[in-house]
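Peer 1: Going by this note's numbering, the first residue of the sequence shown is number 18, and it counts up by one from there. Even glycine gets a Cβ: it sits at the ideal position worked out from N, Cα and C. Would you mind keeping the following structure in view while I ask a few things?
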Amino acid sequence: MATYPVNPRDPDPAYLDFWRERHLCTLTTLRPDGTPHVVPVGVTYDPEAGLARVITNKSSTKVANVLAAAGPEGARAAVCQVDGRRWATLEGRACVRTEPARIAEAERRYAERYTREPSPNPSRVVIEIELTSAMGEAEGRGSTQGWGEAGSGHCGYAVDMGGHLEIPAETTAASPCSGHGDAAAGGSTCAIYNDGGIASGTAGGG
Numbered sequence: 018m019a020t021y022p023v024n025p026r027d028p029d030p031a032y033l034d035f036w037r038e039r040h041l042c043t044l045t046t047l048r049p050d051g052t053p054h055v056v057p058v059g060v061t062y063d064p065e066a067g068l069a070r071v072i073t074n075k076s077s078t079k080v081a082n083v084l085a086a087a088g089p090e091g092a093r094a095a096v097c098q099v100d101g102r103r104w105a106t107l108e109g110r111a112c113v114r115t116e117p118a119r120i121a122e123a124e125r126r127y128a129e130r131y132t133r134e135p136s137p138n139p140s141r142v143v144i145e146i147e148l149t150s151a152m153g154e155a156e157g158r159g160s161t162q163g164w165g166e167a168g169s170g171h172c173g174y175a176v177d178m179g180g181h182l183e184i185p186a187e188t189t190a191a192s193p194c195s196g197h198g199d200a201a202a203g204g205s206t207c208a209i210y211n212d213g214g215i216a217s218g219t220a221g222g223g
C-alpha cells in the first residue's frame, strides 16, 4: 500500500480499485444555515475527468443544498466510503447537471460500479463534484494519505497545487467519517441502489 499523497486525478491503483468496488457511500453538502447534510448515496469516481458523480432526483434536499450554496466555483461537497479499516474521501466543488448526455454518462458509470441499471426517472439529475482533494486508506493499515491544499489539516501530508509535498502544522490522522461498508462486500446484500438510495427508498432520499 502506498502511503504517499494521492492526487484525485492520478490515484494509486489500490485507491482507485477501492472506488471501483461496490460500496454504499455518503454525500455531505451544506444547508443554507451552514450545517452539514449527510445522506447515503451511490458514487462513481472518474479520475481522468477529475469528477465524482451522484445521480439523484432534482427535488432532493441535496440538490437544493448545492443550488443554494453554488457560487462561481460551485458548492463545497464531499463523498466518503468506509469498509472496515479502509476508507476514502473525495472533496471538491459541486454543481447540478441536467444535460441528457451528462445524465446518461453518470447512469452508465453507476451501472458499471453497482452492477445494475438505475431505474428510469425523468426527474433525474447529476451532482458532479469537481475534485480538489482526496484522502484515505485503501488497504486498512490505519495510516492516512491525502492530497489537497497544503496545511489543510485533513491528514498528515498534503500536496499543494504545484505538486509540492508539505507537512501541515497539525497532522491529525483521524478519519473524517465512520461506519460500515456495503453488505455486498461480505457476500450478502440488502443495498440495491436507486438514485443513491436503497430499494426501499428509506436511504438517500434527501
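1) Mapping the DSSP letters down to three states, classify residue 50 as helix, strand or coil.
2) Taking the alpha-carbon of residue 27 as reference, which of 49, 66 and 52 has the nearest alpha-carbon?
3) Can you give me the C-alpha to C-alpha distance between residue 122 and residue 147, rounded to a whole angstrom?
4) Taking C-beta to C-beta, are residue 106 and residue 112 nearer than 8 Å?
5) Should residue 92 go down as buried or exposed, given a rule of 16 or more other Cβ atoms within 10 Å for buried?
6) Pull up the distance between the alpha-carbon of residue 70 and that of residue 63, whole angstroms please.
7) For the alpha helix (DSSP H) holding residue 37, just list the boundary residues, first then last.
8) Count the other CB atoms within 10 Å of the CB of residue 145; is the residue buried (16 or more) or exposed (fewer)?
9) Taking all protein chains shown into account, decide if residue 176 is buried (16 or more other Cβ within 10 angstroms of its Cβ) or exposed.
Peer 2: So, from the data block:
1) coil
2) 66
3) 15 Å
4) no
5) buried
6) 8 Å
7) 30-37
8) buried
9) The predicted model places residue 176 with a pLDDT of 32, which falls under 50 and marks its position as unreliable, so this point remains unresolved.
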